[in-house]
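Count along the sequence shown from 1, add 586, and you get the number used in our numbering. For each residue, glycine too, the CB sits at the ideal point set by N, CA and C. Working notes, beginning with the structure itself.
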Amino acid sequence: MRLRALLDTDALGLRLLGGEGELDRTVRGVMTTDLRDPSRYLSGGELVLTGLAWRRDAADSEPFVRLLVQAGVVALAAGEAELGDVPEDLVVACARHRLPLFAVHESVAFATITEHVVRQVSGERAGDLAAVVDRHRRMMTSGPAGGGPDVVLDLLGSDLDLRAWVLSPTGRLIAGPKVAGPGLPADTCAKLAAEHLAAARTGRRGPHRVTLGSSAYSLFPVRSSGRSAHASRDVRETVLSDWLLAVEADAGDWPEERLDLLQGVTQLIAVERDRRDAARTVRRRLAQEVLELVQTGAAPAEVAARLRVAAPVLLPGLGAAPHWQVVVARVEWQDGEPAGGPMAQSLLEEILVDPLATGPEPSDRIAVAHTGDEAIALVPLPAVSTEQDGSESGIMAEALLESVRDPLSAGLDDDGRVTLGVSASVHSAEGLRGALEEARHARRVAAARAGRVCAAGHQELASHVLLLPFVPDDVRRAFTARLLDPLRDYDRRHRAELIPTLEAFLDCDGSWTRCASRLHLHVNTLRYRVGRIEQLTSRDLSRLEDKLDFFLALRMS
C-alpha cells in the first residue's frame, strides 16, 4: 500500500508533519519500537511506529532517523500519548533525510495502525501472489537440480522478458541465458563486477543500479545459502567472494512482487554456488595433503605418490605425470590485518580460472590449499613447451591479473591489497619445495610494489629487482642521498638536468654517441655534464662499480 492511503483513513488518526513529496512510497510492513537502534530487526519497506521512549534529548533524533533511513524504512509515525507534540528536532531530522513523518493522535493505539497496514498489504498482494508462487514453483522444479542456473535465467527471459547473467566477483561469466540473443562481452562483465563491488563496499543494499553505454543494469548479490543469516561477516570479505546476478533492466520502479521474485532467483543460484563449492572439497583436500607433505620435509617418494593420486582428479585422462606450478596469494587490509587463508583460497581459485571460460569445468582442475594467512595453489600443466626466448610456457604472473585487476581494486577500495607470486614449473616431487619457496619469495617482491593488486613471477627473481624491495628504508635513503642529492641540488640551482643525463647515460650503456643523440646534445656538452656529475659525487662513470651504484640509487629513489 502507498503512504498516501494512510492519510485518507480517518480512523488511524495520522497527521503529516513532513515528507509530502514522498507519499507514493510503498509500505511492505509495520514495526513498533522504542529501541535506540532497531536496525537489526528491519528488512526495509516498513512503517515504524514509536512512542519516543528512546529520546533523552534533542541530540538523539538525528542518529535514530539516520539508522532508519539506512535500514530502508519508508516512514516514521510518532505517538503523542506520552510527550504530547512531536519534538521539533525529530521533525528537522526527518526532513533532512527525506523520511516522511506522521504524528499519531493520543486516542489511537499503535495496534490499530498495525492491524490496518497488515490487512491492506496482505489484500493488495493476494491478487499477484498466485502468479509469483507459480513462477517460484516452476523455477524450483526446473532450477539448479534440473539443469543449473542457465535454466532459471531462461525462465526469467520467457516469463518476465528479463535478460540476466550470473557473474563471479572478478567478472567471469558463470551462467547466462541459452536463448538467442547477443551475449555479455567480457569487458562489460568486468565493469559490472567492479560497479557491484564498489557499491557493496559502501554498505548500500542491493539491487545496485548502473548504466553502461545505453543499457541499464540492476545488480543483485548472490550470497551462499549455507551461511547463517546471523553470522558476523566482514563486508570486505563478502564483496570479494559473493557472486552477483546482473539483470538488464532498471529495478528502481519495480513492484515488490518482482523484487521478491528476483531475490528468490538469487537464492536458487546460491544453492548452485554451494554445490560447486562442495565439489571443490576433494581438490582442496588433495592440495592440503601435498602442501603438508612438502612443508614438513616428507620424502620425495611420498610426495610423488600423493601427486600420482592428484593428477587423475585434476587432469582426467592424462597419460603422463604433468608439470606443476605453485601460486601463492595473500589478502591484507590497510590496518595490517590479514584477511585469512580461507578467503585468500576462495579468491585465488577464482583468479586462476581463465576469464573467458564459463561454467564450472575450468575450476575443476585447480587445487588450492591454505596455511596461515596464505593461499597456495597447485596448478597442473598438461604440457610445458619452450618459447623462442628460452623461457617455459605456463602461468605468467602479470597475465593472471589482466582481467581481474579493475574489479578486485573496486572491491578492495582504499584499504585492502591482493598480492600473488608464481613459481617456475617443476616436473617432479623433488622440485615442489623449491617451487613453493620461489612463489612465496615472488609474492613478497609483489608486496613491496605500489598498487592494490600486484603479482610477481619467478623470472624476476634472477634480477636485482629481487634485492631492492628488501633493503631497509633508512639504508635506501642514506644510499640514494649520498649519490643523488648533490646532483638534485645542482639541478635546482642551475637547471643543468644532471639527473636526466645520468639516467640516459646508463640506459645507453655508457655510449657517448647514442646518449648524445637521445638527449639531442653535442657530444662535448654531454661530456661536460658527465664530468660535472663525477666532480659533484667523487665517482668515475667509466668504472663498472660506480655505474652500478648510480643505477641502483636511481632505481631505489
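Distance between residue j and residue i (C-alpha atoms, nearest Å)
i, j, result
"E875", "L1073", "56 Å"
"R641", "L847", "38 Å"
"A815", "R809", "Low local confidence applies: a pLDDT of 37 at A815 is under 50, so the model's placement there is unreliable, and no value is given."
"T788", "V796", "15 Å"
"P807", "A1102", "59 Å"
"D1132", "L1140", "12 Å"
"W751", "G631", "27 Å"
"E1089", "A1036", "22 Å"
"L638", "F650", "10 Å"
"G670", "L653", "24 Å"
"A780", "Q920", "20 Å"
"A963", "S989", "19 Å"
"D594", "R614", "18 Å"
"Y1076", "S1143", "17 Å"
"G927", "H956", "5 Å"
"R1068", "F1136", "10 Å"
"D596", "Q656", "30 Å"
"S827", "A695", "46 Å"
"P673", "G605", "16 Å"
"V719", "P841", "A caution first: V719 carries a pLDDT of 41, below 50, which makes its placement in the model too unreliable to give a value."
"I1085", "L1070", "8 Å"
"E1016", "P886", "5 Å"
"L739", "A884", "49 Å"
"D773", "R869", "30 Å"
"R1019", "M929", "24 Å"
"L987", "L621", "47 Å"
N-terminal and C-terminal residue of the beta strand (DSSP E) that residue i is part of
i, result
"T636", "E632 to T636"
"I952", "From DSSP, I952 is part of no beta strand (DSSP E); its letter is neither H nor E."
"H909", "H909 to W919"
"S801", "S801 to V808"
"H683", "Neither: H683 is in no beta strand (DSSP E) and is coded neither H nor E."
"I575", "No answer is possible for residue 575: it lies beyond the span of the chain, which begins at 587 and ends at 1143."
"W829", "W829 to V833"
"A639", "Per DSSP, A639 belongs to no beta strand (DSSP E) and is neither H nor E."
"H794", "H794 to L798"
"V616", "G615 to T618"
"G1002", "G1002 to V1008"
"R601", "L600 to G604"
"I760", "L759 to A761"
"V690", "L687 to V690"
Exposure of residue i, with buried meaning 16 or more beta-carbon neighbours within 10 Å
i, result
"S647", "buried"
"H782", "buried"
"T1123", "buried"
"P898", "exposed"
"S818", "Only weak support is given to the placement of S818: the predicted model assigns it a pLDDT of 40, under 50, and the value that follows is read from those uncertain coordinates. Exposed."
"Q931", "buried"
"S801", "exposed"
"R1063", "exposed"
"H1108", "exposed"
"V659", "buried"
"P771", "exposed"
"P686", "buried"
Pick from the options that is closest to residue i, judged by C-alpha positions
i, options, result
"R1129", "L1107, G1096 and M1142", "G1096"
"A784", "L830, L593, V659 and A1102", "L830"
"L1092", "R1081, L1105 and H1080", "L1105"
"R991", "D1001, C1094, T618 and C1040", "C1040"
"E1024", "L685, E1083, F1137 and S1011", "S1011"
"D959", "R870, V914 and G1017", "V914"
"A832", "H1044, R749 and G980", "R749"
"L872", "R859, V857, V889 and T882", "V889"
"L603", "Y627, T618 and L662", "L662"
"L746", "L845, S827 and A963", "L845"
"D1147", "T867, L676, G743 and R758", "Coverage of the chain is limited to positions 587 through 1143, which leaves residue 1147 absent and any answer about it impossible."
"E701", "L598, L854, V857 and H1013", "L598"
"T1005", "I952, S1014 and L934", "L934"
"T1111", "A884, T1087, R611 and S1014", "T1087"
"P735", "E674, V1031, S629 and R859", "R859"
"D610", "T618, L592, L600 and Q706", "L592"
"G665", "V678, A679, T636 and C680", "T636"
The alpha helix (DSSP H) enclosing residue i, as first and last residue numbers
i, result
"S1124", "Segment: none, S1124 is in no alpha helix (DSSP H) and carries neither H nor E."
"I855", "E842 to A865"
"I1085", "L1084 to D1093"
"A664", "Looking at the DSSP string, A664 is not in any alpha helix (DSSP H); the run it does join, the beta strand (DSSP E), is A661 to G665."
Expected contact under 8 Å - CB spacing of residue i and residue j to nearest Å
i, j, result
"R1029", "A1021", "With a Cβ gap of about 13 Å, R1029 and A1021 do not count as contacting."
"V616", "V703", "4 Å"
"R1026", "G1002", "Incorrect: roughly 20 Å between the Cβ atoms, too far for contact."
"V1008", "A983", "4 Å"
"C775", "L798", "Contact flag wrong, Cβ pair sits at about 10 Å."
"A588", "T612", "The displayed chain sequence assigns Arg, not Ala, to residue 588. Confirmed, about 6 Å."
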